Amino acid sequence: MQRRLSLIPQPQHLVDAGGELDLATLGAIVAVDSETTGLAWLLSDLLARGTGLRLAVQSDFEGPAVRIRLEGPRPEDLTCESEAYRLRIDADGVDLVAAHPAGIARGLATFRQLLPADALRAAPAAPAIVPCVAIDDVPRLRWRGVHIDIARHFQPKEFVLAMIDRAWLHRLNVVHLHLTDDQGWRMEIPSRPKLAEIASWRSETVVGHALDTETFDGTPHGGHYTLADLREIVAYASERHVMVIPEINLPGHTRAVLAAYPELGTGHGKPVATTFGVFEEVLEPTEESLAFARDVFDVVVQVFDAPFVHIGGDEVPTVQWESSPVAAELMKREGIADVRGVQTWFTRAFTEYVTSLDRRVIGWDEILDGGAPTEAVVSVWRNEAYVKKAVEAGHEVIVAPEPYVYFDHYEGESPDEPLCIHGLTTVEKVAAWEPVPAGVDPDSVLGAQCQLWSEYMPDARDVEYRAFPRLAVFADVLWAAPETREAAPVLERLEGHLPRLEALGIEYRPLEGPEPWQTGGTGARKRFDRPFQEHQAE
Ligand code: TNX
């Protein structure tokens, strides 16, 4: 019988040659190029940890080995070619070749999946044995991301590191950190100390769904990452060739900022939000607000090395601006006819500044509403129709539509499902999703991203339940070509993949539904439904 390798994502070309290689028969890990030495040591560490086998990294070794080398002209970063790799495993050893170190990183992620699942554990629990295979692989899309919301509910740094490692294992290459929102600001900014002192925590949190209750838990919630934490997160990701995209959400979603610095708004600062929804508080369109943003962006680019900075821009109500003398004055001065143009004014100023720092701006699709500089990348969340709209307006896009890849939506119809915001996004729905909408020039689609908004995910266990196994299926959709996926349906591979999640200690949602302790029960996590209204393009 054909053995099941159950790789997720499925490599584009995979030949199972039969037979196995015992890595204990090898003498070393050979990294020919200095640029891949770090990755080679990473493999060495992982093997030692999960199997007890210790192979040293050398630049040269005669005899059977794991050989890692770069070959051919170097592709540009963030191209599909930069992540292509060739992996050969036979009785004589392992050969991993790529044109770019990122390709080596992807090949190693596949290699980790070829080991016994228990080799993913943190102490020796499995033999270092891999099947003999020939793999030639390249991703379908160049941006394959997972968004983590550590603003609504803060998570310890270790959890972010774990999520980066899991993204790597699934050959995703982007972790988008949603660092700021109404309910908390999570990044230290030394020149604005009140962000850490005041904006990083709230006095309490609503119990149950915000639309269902007026009960609060009476317990403070908060936390923030220091610059040293963030540098560590970035370095950890960069070892794995995963990009960390920082998001600073302005000029809306700023209740926490305004609690710390009320002078940036109408002056009537309210406390950091303790419930969820869209709040009307926004930055006033002043030079002080722009100076604040510049201070923040200055620190962001010192800490994050990705060529992109996400400036948020979603759900910015205009009510405050409608009655603000400052906004009226700006509109008059700049000849802005529609109040939505105030957001455009912010977007332009942010884009100009971030560009001057040598980074590209990304914004949620609302930045399109009043027009946005075409160099801005648009992450489209409301509806796929906005993909078309953005591309027609000359933007590159990241496809992140709410009805398909918002993993804060329910995963099943059972009343036992724990509390979610709304919606229904089953693994089957994710598996059947086509990320590039028909009629859109695929070259303008950088890729796609799944979102883990955390209003209703108070701790890491909740995030894991929502993220897995949908994230694995999502990664497969973005990586493997439709023909590849058709030939090896992901839902058939998923069963063989779950032991890997288990070995990693991920508290995923079983395919048949929640374990008793994962259900919502009758208390604070009880399921609450409200109709999910898909946004329609204007
Ligand atoms: C919309 S998506 C939001 C978030 C919420 C999310 C909940 C987007 C850019 N804004 O603020 O957390 O819906 O699903």
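Counting from 1 along the sequence shown, just add 1 to a position and that's the residue number in the numbering used here.
Cβ atoms here follow ideal geometry from the backbone N, Cα and C, with glycine treated the same way.
If you're wondering where the values come from, they're calculated on a predicted model, not measured in any experiment.
Please go through the same chain and pick out, in chain order, the residues whose beta-carbon is closer than 6 Å to the beta-carbon of Ser455, but skip the five residues on each side of it. Asp150, Arg153, His154
Output the boundary residues of the alpha helix (DSSP H) element that contains Glu248. Segment 244-248 is the beta strand (DSSP E) holding Glu248; no alpha helix (DSSP H) there.
What's the call for Val518, buried or exposed, on a 16-neighbour Cβ count within 10 Å? Looking at the sequence provided, one finds Trp at residue 518 rather than Val. Exposed, because fewer than 16 other Cβ atoms sit within 10 Å of the Cβ of Trp518.
So does Tyr411 have its beta carbon nearer than 7 Å to some heavy atom of ligand 1? no
Alpha carbon of Asn174 to alpha carbon of Gly146, nearest angstrom: 6 Å
Between the stretch 210-230 and the stretch 316-330, are three or more C-beta pairs nearer than 8 Å? no
Output yes or no for whether 8 Å exceeds the beta carbon distance between Val310 and Pro374. no
Whole angstroms are fine: how far does the CA of Ala29 sit from the CA of Tyr411? 47 Å
Using 8 Å as the cut-off, can you tell me whether the stretch 135-144 makes contact with the stretch 197-206, which would need three or more C-beta pairs spanning the two stretches below that distance? no
Run the CB neighbour count on Asp182, radius 10 Å, all protein chains shown included, and call it buried at 16 or more, exposed below. buried
DSSP-derived helix/strand/coil call for Ala18: strand
Which ranges would you report for the alpha helix (DSSP H) in the stretch 465-531 if only whole runs of at least 4 residues count? 471-480, 483-488, 491-504
Ala25 - partner residues in DSSP beta bridges: For Ala25, which the question treats as bridged, DSSP gives no partner whatsoever.
Out of Gln114, Ile399, Gly314, point me to the one whose CA is closest to Leu447's CA. Ile399
Just to confirm, does Tyr237 get its C-beta within under 7 Å of one of the non-hydrogen atoms of ligand 1? no
Apart from the five residues just before and just after Phe564, which ones in its own chain have a Cβ nearer than 6 Å to its Cβ? Residue 564 lies beyond the range of the chain shown here (2 to 539); nothing can be said about it.
Three-state secondary structure (DSSP) of Val235: helix
Could you check if Gln3 is buried or exposed, using at least 16 other CB atoms within 10 Å of its CB as the buried criterion? exposed
Whole angstroms is fine: what's the gap from Ala482's alpha carbon to Gly20's? 27 Å
I want to know whether the stretch 280-287 touches the stretch 316-323 - three or more CB-CB distances under 8 Å. yes
Are the beta-carbon atoms belonging to Leu453 and Arg467 less than 8 Å from one another? yes
How close, in whole Å, do the beta carbons of Leu44 and Leu24 come, if the pair is a contact with beta carbons under 8 Å? So it is not a contact: roughly 10 Å between Cβ atoms.
Inter-residue spacing [alpha-carbon to alpha-carbon] between Val67 and Met188: 40 Å
Quick check on Trp144 - is its C-beta less than 8 Å from some C-beta in chain D? Here there is only one protein chain, and chain D is not present.
Applying the criterion that 16 or more other CB atoms from any shown protein chain within 10 Å of the CB defines a buried residue, is Asp46 buried or exposed? exposed
Would you decide whether Thr352 is buried or exposed? Buried here means 16 or more other CB atoms lie within 10 Å of its CB. buried
Among residues of its own chain, excluding the 5 on either side of Ala18, which ones have a beta-carbon nearer than 7 Å to its beta-carbon? Asp91, Cys133, Val134, Ala135
Would you tell me roughly how many angstroms separate the C-alpha atoms of Ile69 and Leu48, rounded to the nearest one? 15 Å
Paired residues, beta bridge with Asp32 - DSSP: As written in the sequence, residue 32 is Ala, which differs from the Asp given in the question. Ile69.
With DSSP collapsed to three states, give me the class of Thr52. helix
By DSSP's criteria, Asp138 is part of a beta bridge. Which residues make up the other side? Tyr86
Do Ala32 and His242 come within 8 Å of each other at the CB atom, strictly closer than that value? no
In three-state terms, what does DSSP make of Phe160? helix
Contact the stretch 116-128 vs the stretch 416-433: 3+ CB pairs below 8 Å: no
Distance, Ser445 Cα to Met164 Cα: 28 Å
Can we say the stretch 379-396 touches the stretch 435-443, given the rule of at least three CB pairs closer than 8 Å? yes
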